[in-house]
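Asker: Numbering (the working numbering), first residue to last: 20 to 444.
Glycine included, C-beta positions come from ideal geometry on N, C-alpha and C.
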Amino acid sequence: MQRKELARLIPAALVLMAPAAGHAAGFQLLEQNASGLGNAYAGSAAVADNASTIYFNPAGMTELRERELSVGISAVRPAFKFDNDGSSGTGFLQGDTKDAGSWAYLPNGYLSWALNRDVYVGVGLGAPFGLMTEYDDDWVGAAHSIKFDIKTYNINPSIAWRVNEVVSIGGGLNWQRMEAEYERAAAVISPALAATHAILEADSDAWGWNIGALFKLSDATRLGVSYRSSIEHKLKGDLKVKGPAAGATAALTTGKAEAKVELPDTLIISLAHRLDSRWELLGDVSWTGWSKIKEVDIVRTSGALAGATVQTLETEFRDTWRLAIGANYQLNDAWKLKFGIAYDQTPVKDKERRLVSLPDNDRTWFTVGGQWKATQASTVDLGLAYLYVPKTKIDNNQTADGRGRVTGDYDSSVWIVGAQYSLAF
Numbered sequence: 020m021q022r023k024e025l026a027r028l029i030p031a032a033l034v035l036m037a038p039a040a041g042h043a044a045g046f047q048l049l050e051q052n053a054s055g056l057g058n059a060y061a062g063s064a065a066v067a068d069n070a071s072t073i074y075f076n077p078a079g080m081t082e083l084r085e086r087e088l089s090v091g092i093s094a095v096r097p098a099f100k101f102d103n104d105g106s107s108g109t110g111f112l113q114g115d116t117k118d119a120g121s122w123a124y125l126p127n128g129y130l131s132w133a134l135n136r137d138v139y140v141g142v143g144l145g146a147p148f149g150l151m152t153e154y155d156d157d158w159v160g161a162a163h164s165i166k167f168d169i170k171t172y173n174i175n176p177s178i179a180w181r182v183n184e185v186v187s188i189g190g191g192l193n194w195q196r197m198e199a200e201y202e203r204a205a206a207v208i209s210p211a212l213a214a215t216h217a218i219l220e221a222d223s224d225a226w227g228w229n230i231g232a233l234f235k236l237s238d239a240t241r242l243g244v245s246y247r248s249s250i251e252h253k254l255k256g257d258l259k260v261k262g263p264a265a266g267a268t269a270a271l272t273t274g275k276a277e278a279k280v281e282l283p284d285t286l287i288i289s290l291a292h293r294l295d296s297r298w299e300l301l302g303d304v305s306w307t308g309w310s311k312i313k314e315v316d317i318v319r320t321s322g323a324l325a326g327a328t329v330q331t332l333e334t335e336f337r338d339t340w341r342l343a344i345g346a347n348y349q350l351n352d353a354w355k356l357k358f359g360i361a362y363d364q365t366p367v368k369d370k371e372r373r374l375v376s377l378p379d380n381d382r383t384w385f386t387v388g389g390q391w392k393a394t395q396a397s398t399v400d401l402g403l404a405y406l407y408v409p410k411t412k413i414d415n416n417q418t419a420d421g422r423g424r425v426t427g428d429y430d431s432s433v434w435i436v437g438a439q440y441s442l443a444f
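1) If you follow the alpha helix (DSSP H) that tyrosine 74 is part of, which residue opens it and which one closes it?
2) Check this for me: beta carbons of alanine 276 and threonine 320, under 8 Å apart or not?
3) Evaluate contact between the stretch 119-126 and the stretch 60-72, counting only Cβ atoms and requiring at least three cross-stretch pairs below 8 Å.
4) If I'm right that phenylalanine 111 touches serine 209 with Cβ under 8 Å, what's the distance once you round it to whole angstroms?
5) Roughly how many whole angstroms lie between the Cα atoms of alanine 40 and arginine 136?
6) Residue ranges of each beta strand (DSSP E) run of no fewer than 3 residues wholly in the stretch 119-179, ordered along the chain?
7) Assign serine 237 to buried or exposed, taking buried as 16 or more other Cβ atoms, counted over all protein chains shown, within 10 Å of its Cβ.
8) With a threshold of 16 other CB atoms inside 10 Å of the CB of glutamate 371, please say whether the residue is buried or exposed.
9) At 3 residues or longer, and completely inside the stretch 362-435: list those beta strand (DSSP E) runs for me, N to C.
10) Apply the 10 Å Cβ neighbour rule to serine 8 and answer buried if 16 or more other Cβ atoms are within range, or exposed otherwise.
11) Count the other CB atoms within 10 Å of the CB of asparagine 415; is the residue buried (16 or more) or exposed (fewer)?
12) Beta carbon of alanine 404, beta carbon of alanine 59: below 8 Å?
13) With DSSP as the reference, label asparagine 69 as helix, strand or coil.
14) Give me the residue from Leu356, Thr273, Phe385 and Glu299 with the minimum Cα distance to alanine 323.
15) Classify leucine 242 as helix, strand or coil using the three-state DSSP reduction.
16) Assign proline 409 to buried or exposed, taking buried as 16 or more other Cβ atoms, counted over all protein chains shown, within 10 Å of its Cβ.
17) Per DSSP, which one or two residues make a beta bridge with arginine 86?
18) Candidates Ile178, Leu258, Ala119 and Thr240: which alpha carbon is nearest serine 19's?
19) If distances are taken between C-alpha atoms only, which option among Ser177, Leu258, Thr398 and Ser441 comes closest to alanine 78?
20) Just grab the DSSP bridge partners of serine 223 for me.
21) Quick check: what's the CA-CA separation for methionine 36 versus asparagine 193?
22) Kindly list the residues whose CB is nearer than 7 Å to the CB of alanine 161, restricted to its own chain and excluding five residues on each side of it in sequence; keep chain order.
23) So, helix, strand or coil for glycine 266, using DSSP?
24) On the DSSP letters alone, give me the boundaries of the beta strand (DSSP E) that leucine 300 sits inside.
25) Let me know if lysine 313 comes out buried or exposed under the rule of 16 or more other beta-carbons within 10 Å of its beta-carbon.
26) Since alanine 61 and glycine 302 should fall inside the 8 Å C-beta cutoff, what is the C-beta to C-beta distance between them, to a whole number of angstroms?
27) Sort Lys261, Thr240 and Thr418 by Cα distance to threonine 426 and report the nearest one.
28) Are the Cβ atoms of aspartate 363 and tryptophan 391 separated by less than 8 Å?
29) Under the three-state reduction of DSSP, which class applies to asparagine 229: helix, strand or coil?
30) Using CA atoms only, rank isn't needed, just tell me which of Ala98, Ala44, Ser305 and Gly402 is closest to glycine 243.
31) Output needed for isoleucine 218: all residues of its chain with C-beta closer than 6 Å, excluding positions within five of it in sequence on either side, in chain order.
32) Would you mind working out which of Ile250, Gly143, Gly402 and Phe167 sits nearest valine 90, comparing C-alpha positions?
33) Please classify asparagine 58: does DSSP put it in a helix, a strand, or coil?
34) Just to confirm my understanding: we take glycine 116, look at its own chain, exclude 5 residues before and 5 after, and list those with CB closer than 6 Å. What are they?
35) Is the Cβ-Cβ distance between arginine 373 and isoleucine 413 less than 8 Å?
36) Check the DSSP bridge columns for serine 248 and list the partner residues they point to.
Structural data, given as structure tokens:
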């Protein structure tokens, strides 16, 4: 086999834009607190009832007490069950696959501090993008993906200023680390290559920013607006191979590679309105700029192909909208009940551009939750969400690159359970 053909069969850099399935559309993670989970994150930029407002709208810190701490965790279980329907050109990869989803645990933490009556500072820690898909080694689409694991870690120092009794503004910086691991069968054209795995491990550190404003339209109504910038990562990593053909291909397929990936920006407009002493209504409209991810050039930075573009991945993502409505009911002095529903668009345009590592589709959120006020200074939030995903078709043809054509349907869904503890001190 010629050198250029061997190199083309190693799609190691595909991982950098073949993200694992997230729980908002695409691979975005909304699970930045549990207090909003019960409302399907409706009103996220307007509620400001604990320190996690740092993520959704830093201006909301001006509604908090002198010092507040909030810590939480969400357990997420996506299911991606593939039903083969005529996949072709997959050669020596003909196996069935199990559920490609698995449990993931997303921690978060926030601290806000009033410097005086009108100025607050804070910091938040969370994971705004990520999670994982993992298939059997010999499944029919193994040359597209066997495992993809993407993680982000975000640290968000913030400041808020109460301009007057109606308007507050806030902003912050975001230091973000991105880590990716990708594994797939090298090719489908021989038993040795089908059993040989190409692996990439890559990471990047980058900076972004966010701003927000909170408007107290009346004693009963608040409007929140927030924006988080896109963050451009330059992922750098190591390519390697393992398996029967590893020795023959290592000189051409191991080394260094890099790719630029711009994670999308987001805009949120939220409304919270108290009807009476017991009922509160919440609403949310959010936009995510996924269309920034059109194609990614993967460039080798060492070895025989240094400086060459190994592959261009054309995702052609589209911008998406998310709509959410929710309600809170104050049952008694100690307990508040929460309800929500949301519709979330996918950035994937069609079945031909759907990736097995991102079998994403539109989804509808159904959520419930509760908040227990344990003391005057402490609260516990619990939330449960079920995400309904309609049958998801895929017809991704990569036969020309030695990976075959994966055709079929995904039966998908997501369960999320969250808990959070908040303390004023």
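Answerer: Reading off the structure:
1) Here the alpha helix (DSSP H) through tyrosine 74 covers 72-75.
2) yes
3) no
4) 7 Å
5) At alanine 40, the pLDDT of 39 sits below 50, so the modelled position is not reliable and the matter cannot be decided from this model.
6) 123-133, 138-145 and 149-153
7) Serine 237 comes out exposed.
8) exposed
9) 382-392, 397-407 and 411-417
10) Nothing about residue 8 can be reported from this structure: the residues present for the chain run from 20 to 444 only.
11) buried
12) If you check the CB distance, alanine 404 and alanine 59 come in under 8 Å.
13) coil
14) When only C-alpha atoms are compared, the closest one is Thr273.
15) strand
16) exposed
17) For arginine 86, which the question treats as bridged, DSSP gives the partners Trp132.
18) Nothing in the structure corresponds to residue 19, since the chain is present only between 20 and 444.
19) Ser177
20) Met197
21) Confidence in methionine 36 is poor, its pLDDT being 35 and thus under 50, which makes the residue's placement unreliable; the coordinate value appears in the next sentence. So the alpha carbons of these two residues sit roughly 21 Å apart.
22) Leu112, Tyr154, Arg203 and Ala204
23) helix
24) 298-307
25) exposed
26) 6 Å
27) Thr418
28) no
29) Note: asparagine 229 maps to strand in three-state DSSP.
30) Ser305
31) Glu202 and Lys259
32) Gly143
33) helix
34) The sequence as given places threonine at residue 116; glycine does not occur at that position. The residues are Phe101, Tyr154, Asp155 and Trp158.
35) Closer than 8 Å, so yes.
36) For serine 248, which the question treats as bridged, DSSP gives no partner whatsoever.
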